[in-house]
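In mature numbering (1 follows the signal peptide of the UniProt record, and there is no 0), the protein residues as written are -15 to -1, 1 to 529.
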């Protein structure tokens, strides 16, 4: 069995910034010729070459080569549309840092918001890992990766509790202006920053307002920075790059941040520990704010796990020991210690020690015994004994744990967890004639997320399960040739978001003649665009 991963995450158009190019939000919601010659007659959805934001010959060659492998014309069209989309639409700017003309920077927007999410931009580049090779040339695929790592390192150093950021000052990309000033004031007033001297400029509101786009602390955002670093190093063995600029300084800030967030709500004497960051806002949705004056539900300390205030869906956590993000963090923190070995041995040892503590905490506190499925991983815990047993479509999820390398898909506890997630015991497992997959509270019951179906296929060794899932993916695009954020399980014409920044767009697996092709899209912004005009209304997409 040969496993070929090309994981891509696609977004709304940066091409809309170019004169005479349609905004990709509108373009992606409209069918375009030529249509595929299969049963579903899927639309062609690549922007015109002059409207694409980046292009690399190795990517275009791969698209051509795959046409001989993917025999189903609808399946090939889905690949053709989605595999290059990160490059086609979301590379908003590449350049160099003002303070160091050798430091490459890449600003990768999440979609129709001119802002970069740490998680999304890391995932958007995963498509091209198998094509990535060591190359010091400006304008190479490797340079795009280096620029993304350097810019993320800047963001992590400046504001490790934030998840989305404005364009760098060096670029000419317009600022995202929908972030309320009051939210910045709340962050500055409530964030305890004294231990992070590298980010002392947070005390200056005018400076912050040009950098922060969204201020939700999500552990998976920090894990995504580690993942991007791991991906580049694993493909290129270019350790010298990581020693040249500010990567090790960003790792030090990251460790300080997560160490502080291993503390619980209460000190040993019962007094309240100061929270490193808080979040509170007026909202009609409980998932858009945190209880207890922005602290969230009480959390037990000394579990070894790191708190997360929000999930990868940008919904607030019910219990802050969010198991999937801790899994992802432990896995990539440990693997990135190898990079640090040649830069700072003390910091490398600290990374390994922290990863070990987090993993031990997950295994000690992140499991529960289900009456039907036996020992399973919980989605969230609080350390006091409370468990939230569910799964959400957004990655990291429990279902996708083998995908990000925390454990083997054959692990018995994972297998129990997988059966739970895919059953009706999971309150967010949707089912119907159109799409059967996990959804989540971000859109709500009734809508299944293709992303979750992809995670199911990537963790399966059952050819029938994979073939069934592929049929659902191809038939649930409403003939647009794109995989939407979510699809009504009973009506394919009701879907959310015409296009997404974060998406697993392609994974191929050859097994006994079966080509496994998977495409996933994830959300951008906080509020869904509904194809039929229905759905949540009235709040700006980039609210913090």
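Every residue, glycine too, gets a C-beta built ideally from N, C-alpha and C. The structure presented is a predicted model; accordingly, all values stated were derived computationally and were not measured.
Exposure label - residue i; buried when at least 16 CB within 10 Å
i, result
"residue 96", "buried"
"residue 52", "exposed"
"residue 28", "buried"
"residue 479", "buried"
"residue 89", "buried"
"residue 395", "exposed"
"residue 473", "buried"
"residue 85", "exposed"
"residue 346", "buried"
"residue 467", "buried"
"residue 465", "buried"
"residue 455", "buried"
"residue 299", "buried"
"residue 281", "buried"
"residue 18", "exposed"
"residue 72", "buried"
"residue 70", "buried"
"residue 297", "buried"
"residue 477", "buried"
"residue 331", "exposed"
"residue 257", "exposed"
DSSP-derived helix/strand/coil call for residue i
i, result
"residue 355", "strand"
"residue 39", "coil"
"residue 120", "coil"
"residue 33", "coil"
"residue 476", "strand"
"residue 10", "helix"
"residue 5", "coil"
"residue 317", "helix"
"residue 113", "helix"
"residue 378", "coil"
"residue 245", "helix"
"residue 218", "helix"
"residue 212", "helix"
"residue 434", "coil"
"residue 342", "helix"
"residue 80", "strand"
"residue 392", "coil"
C-beta neighbour in chain C for residue i, strict 8 angstroms
i, result
"residue 454", "The structure shown contains no chain C; it holds only a single protein chain."
Sequence-distant residues of the same chain with beta carbon closer than 7 angstroms to residue i, five excluded per side
i, result
"residue 360", "352, 354, 398 and 401"
"residue 133", "91, 93, 106, 110 and 213"
"residue 291", "204, 243, 246, 247, 311, 314 and 343"
"residue 405", "355, 358, 361 and 411"
"residue 161", "98, 99, 100, 151, 198 and 527"
"residue 59", "21, 23, 24, 25, 27 and 459"
"residue 372", "353, 363 and 366"
"residue 387", "393, 394, 399 and 444"
"residue 268", "274"
"residue 16", "28, 464 and 465"
Own chain residues within Cβ distance below 6 angstroms of residue i, not counting five before or after
i, result
"residue 369", "285"
"residue 384", "376, 406 and 440"
"residue 129", "91"
"residue 5", "none"
"residue 228", "328"
"residue 320", "215"
"residue 237", "none"
Integer Cβ distance of residue i from residue j, believed to fall under 8 angstroms
i, j, result
"residue 127", "residue 139", "Actually they do not touch by this definition, with Cβ atoms about 19 angstroms apart."
"residue 415", "residue 424", "5 angstroms"
"residue 339", "residue 318", "6 angstroms"
"residue 309", "residue 381", "4 angstroms"
"residue 471", "residue 432", "4 angstroms"
"residue 230", "residue 135", "6 angstroms"
"residue 221", "residue 306", "Not a contact, Cβ separation roughly 35 angstroms."
Candidates the options: closest to residue i by CA position
i, options, result
"residue 74", "10, 472, 116 and 239", "10"
"residue 412", "123, 376 and 387", "376"
"residue 77", "225, 457 and 37", "37"
"residue 276", "304, 254, 391 and 363", "304"
"residue 30", "481, 55 and 68", "68"
"residue 122", "131, 333, 114 and 116", "131"
"residue 57", "463, 469, 481 and 452", "452"
"residue 263", "202, 233 and 348", "202"
"residue 81", "157, 448, 236 and 287", "157"
"residue 65", "83, 79 and 44", "44"
"residue 543", "434, 341, 40 and 63", "Past the edges of the chain, shown from -15 to 529, lies residue 543, and the structure says nothing about it."
"residue 389", "46, 211, 32 and 79", "211"
Residue i beta carbon near the ligand GTP (any heavy atom closer than 7 angstroms)
i, result
"residue 432", "Looking at this structure, you won't find the ligand GTP or any other ligand, since it has none at all."
Cut-off 8 angstroms between Cβ atoms - residues of its own chain near residue i, not counting five sequence neighbours on either side
i, result
"residue 207", "103, 141, 145, 239, 242, 243 and 314"
"residue 61", "21, 51, 52 and 55"
"residue 254", "none"
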